[in-house]
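Asks: As you go down the protein sequences, you meet chains L and A in turn.
For the record, in the first sequence the residue sitting at position 188 is 205 according to the working numbering, with numbers rising by one throughout.
For the record, in the second sequence the residue sitting at position 78 is 95 according to the working numbering, with numbers rising by one throughout.
Number of protein chains: 2
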Amino acid sequence: MSSPVSDKRQHIVETAYALFKRVGFHATGIDRIIAEADVAKMTMYRHFPSKDELIVEVLDHRARRFEEQLDRLARESTAPEEKIARIFEWHGRWFRSPDFHGCLFAHALAEFGDPRHPVFKAAARQKNGIRQHMQSILAPVMTRGRAESVAATLLMLIEGATLMAQMGRGDAAIRDARKAALDIVAASRRPQ
Amino acid sequence: MSSPVSDKRQHIVETAYALFKRVGFHATGIDRIIAEADVAKMTMYRHFPSKDELIVEVLDHRARRFEEQLDRLARESTAPEEKIARIFEWHGRWFRSPDFHGCLFAHALAEFGDPRHPVFKAAARQKNGIRQHMQSILAPVMTRGRAESVAATLLMLIEGATLMAQMGRGDAAIRDARKAALDIVAASRRPQ
DNA sequence: AAGGGGTGAGACAGGTCTGTCTATTTAGTG
DNA sequence: CACTAAATAGACAGACCTGTCTCACCCCTT
Chain L
18 MSSPVSDKRQ
28 HIVETAYALF
38 KRVGFHATGI
48 DRIIAEADVA
58 KMTMYRHFPS
68 KDELIVEVLD
78 HRARRFEEQL
88 DRLARESTAP
98 EEKIARIFEW
108 HGRWFRSPDF
118 HGCLFAHALA
128 EFGDPRHPVF
138 KAAARQKNGI
148 RQHMQSILAP
158 VMTRGRAESV
168 AATLLMLIEG
178 ATLMAQMGRG
188 DAAIRDARKA
198 ALDIVAASRR
208 PQ
Chain A
18 MSSPVSDKRQ
28 HIVETAYALF
38 KRVGFHATGI
48 DRIIAEADVA
58 KMTMYRHFPS
68 KDELIVEVLD
78 HRARRFEEQL
88 DRLARESTAP
98 EEKIARIFEW
108 HGRWFRSPDF
118 HGCLFAHALA
128 EFGDPRHPVF
138 KAAARQKNGI
148 RQHMQSILAP
158 VMTRGRAESV
168 AATLLMLIEG
178 ATLMAQMGRG
188 DAAIRDARKA
198 ALDIVAASRR
208 PQ
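(1) For residue 168 of chain L and residue 35 of chain A, I'd like the C-alpha separation in whole angstroms.
(2) Kindly say whether residue 43 of chain A, judged by its beta-carbon, lies nearer than 7 Å to any beta-carbon of chain L.
(3) Can you check whether the C-beta of residue 168 of chain A is within less than 7 Å of a C-beta belonging to chain L?
(4) Under three-state DSSP, which class holds residue 205 of chain A?
(5) Would you mind telling me which residues of chain L sit closer than 7 Å to residue 124 of chain A, beta carbon to beta carbon, in chain order?
(6) Note down, one range per segment and in chain order, each beta strand (DSSP E) of at least 3 residues found wholly within the region 71-145 of chain L.
(7) Which residue's Cα is closest to the Cα of residue 41 of chain L: L/51, L/94, L/101 and L/121?
(8) Going by other Cβ atoms of all chains shown within 10 Å of its Cβ, with 16 needed for buried, is residue 176 of chain L buried or exposed?
(9) Quick one: residues in its chain with C-beta nearer than 7 Å to the C-beta of residue 156 of chain L, no 5 flanking neighbours on either side, listed in chain order?
(10) Near residue 201 of chain A, which residues of its chain fall below 8 Å by C-beta distance, leaving aside the five closest residues on each side in sequence?
(11) For residue 21 of chain L, I'd like the list of residues in its chain whose CB is within less than 6 Å of its CB, leaving aside the five on either flank, ordered along the chain.
(12) Please report the distance separating the alpha-carbon of residue 125 of chain L from that of residue 207 of chain A.
(13) Go to residue 64 of chain L, then tell me how far its alpha helix (DSSP H) extends in each direction, as first and last residue.
(14) Would you mind sorting residue 131 of chain L into buried or exposed? The rule is 16 or more other CB atoms within 10 Å of its CB.
(15) Quick one: give me the first and last residue of the alpha helix (DSSP H) that residue 173 of chain A is part of.
(16) Should the region 102-122 of chain L be regarded as contacting the region 69-87 of chain L, the criterion being three or more beta carbon pairs within less than 8 Å?
(17) Against chain A, which members of the region 183-196 of chain L pass a CB distance test of less than 9 Å?
(18) Which one of A/194, A/173, A/46 and A/146 has the shortest CA to CA distance from residue 86 of chain A?
(19) Sort A/160, A/135 and A/195 by Cα distance to residue 174 of chain L and report the nearest one.
(20) For my contact list, residue 184 of chain L and residue 144 of chain A are in at a C-beta cut-off of 8 Å; report their separation, rounded to the angstrom.
(21) Please identify the residue among L/89, L/50, L/71 and L/46 whose C-alpha is closest to the C-alpha of residue 136 of chain L.
(22) If you draw a straight line from the alpha carbon of residue 18 of chain A to that of residue 56 of chain A, how long is it in whole angstroms?
(23) With 16 other CB atoms within 10 Å as the buried threshold, where does residue 133 of chain L fall?
(24) In or out: residue 160 of chain L buried (at least 16 other Cβ within 10 Å) or exposed?
Encoded structure:
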């Protein structure tokens, strides 16, 4: 049997996630979260001491799921170029999904601008995670310095493409970003 | 003499701009805006029928100033590569300014996720404006289709770099983005 | 059967939000 | 000076915000 405790907790996290994504962090009230999750207010406050900590939990949970996706993608191919290409293609599919509302982590950075705020830190962690993931993909085929720069550039392309997608230009954006990314990797590759 | 009407109105717009930039849109209350602008509440509501319309006005005002900056930059040089380089360098200086808090238009897209919302539309207008500005810079040296794609890619790099800058990596970000941008333009240039 | 932890429903406090209204004062113009 | 338009301070409404608290209930384990 599954624990009813974690069930409720997880259900709150997922309901809050859906609301934060669609409505925003400040614009989503506690009352709406507990109403849509169909739990009592005290149930929520027993699991999460404050709304901010719930937001952090939601972000960390989504970051974990995102990293799992990246790992799965990485296992599907071997060549760095192919792995990078699949990351961009995965983003393209994401952009086309009906409930796409942009990047929750970028939105968190926008709404919580103070770098010392726990929500800001959680969002920054996720972005650095992707960067390091791509850096480790590139490491075998270029110098450390190049891998750092190229990974940062690819991340910028992805973030920019996500913003374009939010404005309804996802298809063109991911096509252009993918091409630019592969050109950059090719130009920086150290031939074996 | 200057009209006292426009003076008040403009002062409210600029005070609201500073607050929206530092604190965010939803997190900034009307009471705080009128307190820092040192005007009565009715003065504000006489000029702007609602907070949302004030936000739109702030965004449009900043978009106008931004376009003026771009035009000034464009007049400083002639070759498209040089114009593009100056745009990136200008962003690098912006990232280093002490009160840099990321892109207000991107934040507006994050906080007002509904594409039909006037604030969303105002932010999207600004992004499309930059894209078209860069497209017109590139138009003389490449085909129309290439100019469209390259301009979109450059915009993605800029948006991504702005996000990195918000996380304290502005120097490295603009360096990498600038290099990638110039490489992309060089590769797409139609030799005269 | 008894105890206890998790849960539900909702009142409540104290504050903040947007937006409206009134009554008064200020400032520019003929 | 007189008229008008703008600005002022502040109360006010009604809704919403986060977070606390009480009390009853349910279900599981011992």
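For every residue, glycine included, the Cβ atom is placed at its ideal position computed from N, Cα and C.
Replies: According to the data block:
(1) Mapped onto the first sequence, residue 168 of chain L falls at position 151. Mapped onto the second sequence, residue 35 of chain A falls at position 18. Computed Cα separation, rounded: 33 Å.
(2) Within the second sequence, numbered from 1, the residue matching residue 43 of chain A stands at position 26. Output row for residue 43 of chain A: interface = yes.
(3) To locate residue 168 of chain A, count along the second sequence from 1; it is residue 151. No, residue 168 of chain A lies away from the interface with chain L (no Cβ there is under 7 Å from its Cβ).
(4) As a first step, residue 205 of chain A is located in the second sequence; it is residue number 188 there, counting from the start. Residue 205 of chain A: helix per DSSP, three-state reduction.
(5) Numbered from 1 along the second sequence, position 107 holds the residue referred to as residue 124 of chain A. Those within 7 Å of residue 124 of chain A in chain L are 127.
(6) Whole beta strand (DSSP E) segments, 3+ residues: zero.
(7) Walking along the first sequence from the start, residue 41 of chain L turns up at place 24. The option with the nearest alpha carbon to residue 41 of chain L is L/121.
(8) As a position in the first sequence, residue 176 of chain L is number 159, starting the count at 1. Buried, since its Cβ has 16 or more Cβ neighbours within 10 Å.
(9) Translated into the one-based positions of the first sequence, residue 156 of chain L becomes position 139. So the list reads 164, once near-sequence residues are dropped.
(10) As a working mapping, residue 201 of chain A is identified with position 184 in the second sequence. So the qualifying residues of the chain are 167, 170 and 171.
(11) Within the first sequence, residue 21 of chain L is the residue found at index 4, counting from 1. With a pLDDT of 45 at residue 21 of chain L, under the threshold of 50, the modelled position of this residue cannot be trusted; read the value that follows with caution. Here the set comprises nothing.
(12) Within the first sequence, the letter at position 108 stands for residue 125 of chain L. Within the second sequence, the letter at position 190 stands for residue 207 of chain A. Cα-Cα distance, rounded: 41 Å.
(13) Locating residue 64 of chain L in the first sequence gives position 47, where the first residue counts as 1. Looking at the DSSP string, the run of the alpha helix (DSSP H) that includes residue 64 of chain L is 58-64.
(14) Taking the first residue of the first sequence as 1, we reach residue 131 of chain L at position 114. By the neighbour-count criterion, in which 16 or more other beta carbons inside 10 Å mark a residue as buried, residue 131 of chain L falls on the exposed side.
(15) For the purposes of this step, residue 173 of chain A is taken as residue 156 along the second sequence, with counting starting at 1. Here the alpha helix (DSSP H) through residue 173 of chain A covers 161-183.
(16) Segment contact: the region 102-122 of chain L against the region 69-87 of chain L, three or more CB-CB distances shorter than 8 Å; contact assigned.
(17) 183, 184, 185, 186, 189, 190, 192, 193, 194 and 196
(18) Your numbering for residue 86 of chain A matches position 69 in the second sequence. Considering only alpha carbons, the answer is A/146.
(19) By one-based count along the first sequence, residue 174 of chain L stands at place 157. When only C-alpha atoms are compared, the closest one is A/195.
(20) Along the first sequence, read from residue 1 onward, the residue named residue 184 of chain L stands at position 167. Along the second sequence, read from residue 1 onward, the residue named residue 144 of chain A stands at position 127. Sure, about 6 Å apart at Cβ, within 8 Å.
(21) Within the first sequence, the letter at position 119 stands for residue 136 of chain L. If we check each option's Cα against that of residue 136 of chain L, L/71 comes out closest.
(22) Numbered from 1 along the second sequence, position 1 holds the residue referred to as residue 18 of chain A. Numbered from 1 along the second sequence, position 39 holds the residue referred to as residue 56 of chain A. Reliability of the predicted coordinates at residue 18 of chain A is poor, the pLDDT of 33 falling under 50, and no value is obtained from them.
(23) In the first sequence, counting from the first residue as 1, residue 133 of chain L sits at position 116. Residue 133 of chain L should be labelled exposed.
(24) Taking the first residue of the first sequence as position 1, residue 160 of chain L is located at position 143. With fewer than 16 other Cβ atoms within 10 Å, it is exposed.
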